[in-house]
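Peer 1: Take this structure first; my questions come after.
In full-length UniProt numbering, the protein residues as written are 1 to 362.
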């Protein structure tokens with residue numbers, strides 16, 4: 001494991017080129033508009049926004065299917081150097097609002113999906129008495145803010161000349177020197193090199209743009225030899241999105257490297273065999289655990305179904321035993337019914353059912 005400060009410009013560049021990607025099992029996560037504005041305000045003020053955690057790509061024992069960050073160009077032919085384990089929401093929000101040319105997919109405080117571009121009011125940004133978040137403007141995809149059911153235009157930034165006229169700087173070019181330099185030249189030309197306009201922009205440049213170009217984010221990188229169970233533990237420890245990632249989702253990502261859709265396979269089995277009173281409580285992780293138990297038993301030696309054992313279950317082993325295991329679950333259900341057990345509520349521990357059904361199939 002190593003730690004180092006990475007410039008935000010470098011991070012956005014590697015995300016854009018696909019060298020930094022997400023594990024495919026990372027859930028899509030959209031921050032709301034207000035939270036993105038607050039994040040932009042913090043970063044442009046130079047405030048820390050927390051560390052990110054990456055995993056070096058190329059571990060021989062743990063192959064995760066990867067995908068690009070939301071809004072980044074397709075990178076099907078690019079092999080990533082690293083995968084984002086923690087920091088997905090922050091880095092996605094920064095990339096989409098401060099680097100990508102596309103409108104940002106976000107949502108309102110009430111959960112309504114919207115698309116936005118972000119601007120910063122240069123006049124407010126250079127005024128130290130105004131909170132930075134109050135200088136950040138979120139504007140719809142058509143770059144117009146309206147009222148009275150769309151009949152009245154409150155702010156129109158649909159053309160670059162409108163941006164220049166109203167001193168509104170588009171934030172999605174702020175990390176690209178060539179783009180913001182061109183915007184600067186055109187801005188000056190639009191204002192006919194007026195000294196006041198020049199003073200405003202140079203103040204904005206020195207107070208916001210230049211410091212932002214030096215902004216760094218602490219990145220903790222796990223090396224490519226990190227064991228599977230350690231990666232799984234990391235996700236359980238750092239996940240704050242509200243729903244914990246499971247072993248099943250990690251195995252799903254591993255199997256996906258061989259173009260096998262584990263989730264689809266499980267959902268088909270569940271709909272066909274696991275929908276009654278006894279078996280309906282069987283989770284995807286329960287089924288994988290039972291499969292691991294059966295597989296380790298068939299190998300001989302120590303029989304184990306700990307987390308690390310489940311993570312080491314191979315696709316070949318799953319395909320070899322999944323059908324037999326399903327039959328074992330169905331057969332075990334019949335035996336339980338003969339014993340007058342008709343509901344999972346009658347079992348002291350539902351996990352013991354997985355063990356029983358795994359051995360029953362042998």
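C-beta: ideal position from N, C-alpha, C; glycine also.
With a CB to CB cut of under 6 Å and the five nearest residues on each side skipped, what residues in its chain are close to residue 309?
Peer 2: Result list for residue 309: 292, in chain order.
Peer 1: Take residue 139 and list the residues in its own chain whose beta-carbon comes closer than 8 Å to its own, dropping the five residues that flank it on each side.
Peer 2: Answer for residue 139: 116, 117, 118, 119, 145, 155, 157, listed in chain order.
Peer 1: Considering residue 54, what are the terminal residues of the beta strand (DSSP E) in which it resides?
Peer 2: First-last of the beta strand (DSSP E) with residue 54: 52 to 56.
Peer 1: Give me whichever residues DSSP pairs with residue 116 in a beta bridge.
Peer 2: In the DSSP output, where bridge partners are listed per residue, residue 116 has 104, 140.
Peer 1: In whole angstroms, give me the CA-to-CA distance for residue 198 and residue 188.
Peer 2: Whole-angstrom Cα-Cα distance: 7 Å.
Peer 1: Under a Cβ-count criterion, where at least 16 other Cβ atoms within 10 Å of its own Cβ denotes burial, should residue 231 be classed as buried or exposed?
Peer 2: The residue is buried, with at least 16 neighbouring Cβ atoms inside 10 Å.
Peer 1: Please confirm whether residue 100 and residue 71 have their CB atoms less than 7 Å apart.
Peer 2: Yes, these two residues count as a Cβ contact at 7 Å.
Peer 1: Hey, could you find the ends of the alpha helix (DSSP H) residue 124 is sitting in?
Peer 2: Taken as a continuous stretch (DSSP letters only), the alpha helix (DSSP H) holding residue 124 covers 122 to 125.
Peer 1: What does the alpha-carbon distance come out to for the pair residue 338 and residue 331?
Peer 2: In a straight line, the C-alpha of residue 338 is about 11 Å away from that of residue 331.
Peer 1: Shortest alpha-carbon distance to residue 207 belongs to which of 124, 34, 7?
Peer 2: Ranking 124, 34, 7 by Cα distance to residue 207 puts 124 first.
Peer 1: If residue 265 and residue 315 are in contact, beta carbons under 8 Å, what's the gap, nearest whole angstrom?
Peer 2: Residue 265 to residue 315, Cβ: 11 Å. No contact.
Peer 1: Scan the segment 130 to 212 and note each continuous beta strand (DSSP E) run of 3 residues or more that stays entirely inside, going in chain order.
Peer 2: For the segment 130 to 212, whole beta strand (DSSP E) runs of length 3 or above, ordered along the chain, are 136 to 140, 144 to 147, 152 to 156, 168 to 170.
Peer 1: Checking 7 Å against the spacing of the C-beta atoms, do residue 80 and residue 19 come in under that value?
Peer 2: Yes, they are a contact pair.
Peer 1: Assuming residue 204 and residue 126 form a contact by the criterion Cβ under 8 Å, report the distance between their Cβ atoms to the nearest whole angstrom.
Peer 2: Their Cβ separation, rounded to whole angstroms, is 6 Å, which keeps residue 204 and residue 126 in contact under 8 Å.
Peer 1: Going by DSSP in three states, residue 96 sits in which element: helix, strand or coil?
Peer 2: Helix.
Peer 1: Using DSSP with H/G/I as helix, E/B as strand and the rest coil, what is residue 70?
Peer 2: It is coil, neither helix nor strand.
Peer 1: Assuming residue 336 is part of the alpha helix (DSSP H), what are its boundary residues?
Peer 2: Here the alpha helix (DSSP H) through residue 336 covers 315 to 338.
Peer 1: Considering only C-alpha positions, which residue in the set 74, 195, 52 is nearest to residue 220?
Peer 2: Of the listed residues, the one whose Cα sits closest to residue 220 is 52.
Peer 1: Quick one: Cα of residue 121 to Cα of residue 38, how far?
Peer 2: If you take the alpha carbons of residue 121 and residue 38, they lie about 15 Å apart.
Peer 1: Excluding five sequence neighbours on each side, which residues of the same chain lie with their C-beta closer than 7 Å to the C-beta of residue 295?
Peer 2: 313, 317, 321.
Peer 1: How many whole angstroms separate the CB atoms of residue 132 and residue 275, which I take to be in contact at a CB cut-off of 8 Å?
Peer 2: Between residue 275 and residue 132 the Cβ distance is about 54 Å, and since that is not below 8 Å, they are no contact.
Peer 1: Roughly how many angstroms lie between the CA atoms of residue 176 and residue 185, to the nearest whole one?
Peer 2: Spanning the two alpha carbons is a distance of roughly 14 Å.
Peer 1: In terms of residues, what are the limits of the beta strand (DSSP E) holding residue 5?
Peer 2: Run containing residue 5: 2 to 7, per the beta strand (DSSP E) assignment.
Peer 1: At the level of alpha carbons, what is the spacing between residue 69 and residue 43?
Peer 2: Residue 69 and residue 43: Cα-Cα distance of roughly 19 Å.
Peer 1: Could you check which residue in 104, 32, 21 has the C-alpha nearest to that of residue 74?
Peer 2: Closest by alpha carbon: 21.
Peer 1: For residue 355, which residues in the same chain have their Cβ closer than 6 Å to its Cβ, ignoring the five residues on either side in sequence?
Peer 2: Caution applies to residue 355, whose pLDDT of 46 falls short of 50 and renders its modelled position unreliable; the value that the coordinates give is listed next. Correct list: empty, nothing qualifies.
Peer 1: Report, in whole angstroms, the separation of the C-beta atoms of residue 171 and residue 56, which I expect to be a contact under 8 Å.
Peer 2: The Cβ separation is near 31 Å, so there is no contact.
Peer 1: Relative to the alpha-carbon of residue 288, which residue among 326, 301, 201 has its alpha-carbon at the smallest distance?
Peer 2: Nearest C-alpha to residue 288: 326.
Peer 1: Check for me: the beta strand (DSSP E) holding residue 86 runs from which residue to which?
Peer 2: It spans 82 to 86 - the beta strand (DSSP E) in which residue 86 sits, taken as one unbroken run.
Peer 1: If you measure between the beta carbons of residue 65 and residue 284, is that distance less than 7 Å?
Peer 2: In this structure, residue 284 does not lie closer than 7 Å to residue 65 by Cβ.
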